[in-house]
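Using this note's numbering, read the sequence shown as starting at 64 and increasing by one per residue. Notes to accompany the following structure.
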Amino acid sequence: MNTIETDYIVVGAGASALAFTDALISRTDADVVIVDRRARPGGHWNDTYPFVRLHQPSATYGVNSSTLGSDTIDVTGVNAGYYERASGTEICEYFDQVLDRQLVG
64 MNTIETDYIV VGAGASALAF TDALISRTDA DVVIVDRRAR PGGHWNDTYP
114 FVRLHQPSAT YGVNSSTLGS DTIDVTGVNA GYYERASGTE ICEYFDQVLD
164 RQLVG
């Protein structure tokens, strides 16, 4: 068995865990290990039905270092006139990118 030395272990790779880790590594030089039972980040968004979307604008969700979505107002569909709301698939893809670009080093 290999031994890993780290400053923090974060259990789970959902929105809160990734937001915490993003904030921590942007302010410190701490080493962080994230463990999760799922194969990819995103927490419960990996388990949602395909039609489920955020109940808030995409730009208000996620981690501080990377914006989710393009902060635009939808012009068609049931959300017309409101800021875009990401789907579960879009959220999982966003967290994949956050993990690859900002958190894995």
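Even for Gly, the Cβ is constructed at its ideal location relative to N, Cα and C.
Indicate the three-state DSSP secondary structure (helix, strand or coil) for residue i in the structure shown.
| i | result |
| --- | --- |
| residue 140 | coil |
| residue 133 | coil |
| residue 126 | strand |
| residue 103 | coil |
Rounded to a whole number of angstroms, what is the C-alpha to C-alpha distance between residue i and residue j?
| i | j | result |
| --- | --- | --- |
| residue 143 | residue 114 | 17 angstroms |
| residue 165 | residue 146 | 25 angstroms |
| residue 131 | residue 149 | 8 angstroms |
| residue 134 | residue 100 | 31 angstroms |
| residue 103 | residue 163 | 11 angstroms |
Between residue i and the rest of its own chain, which residues show a CB-CB distance below 7 angstroms, the 5 nearest in sequence each way excluded?
| i | result |
| --- | --- |
| residue 98 | 72, 74 |
| residue 92 | none |
| residue 80 | 73, 97 |
CB-CB under 8 angstroms to residue i, same chain, minus the five flanking residues each way: which ones, in chain order?
| i | result |
| --- | --- |
| residue 89 | 127, 128 |
| residue 111 | 151 |
Going by C-alpha to C-alpha distance, which of the options sits closest to residue i?
| i | options | result |
| --- | --- | --- |
| residue 124 | 166, 136, 139, 158 | 158 |
| residue 82 | 137, 106, 116, 134 | 106 |
| residue 94 | 67, 133, 101, 108 | 67 |
I need the boundaries of the beta strand (DSSP E) containing residue i, first residue and last residue.
| i | result |
| --- | --- |
| residue 96 | 95-98 |
Could you give the residue range of the alpha helix (DSSP H) that holds residue i?
| i | result |
| --- | --- |
| residue 74 | Where residue 74 is concerned, there is no enclosing alpha helix (DSSP H), although the beta strand (DSSP E) it sits in stretches over 71-74. |
| residue 149 | From DSSP, residue 149 is part of no alpha helix (DSSP H); its letter is neither H nor E. |
| residue 121 | That residue, residue 121, is in no alpha helix (DSSP H); it is neither H nor E in DSSP. |
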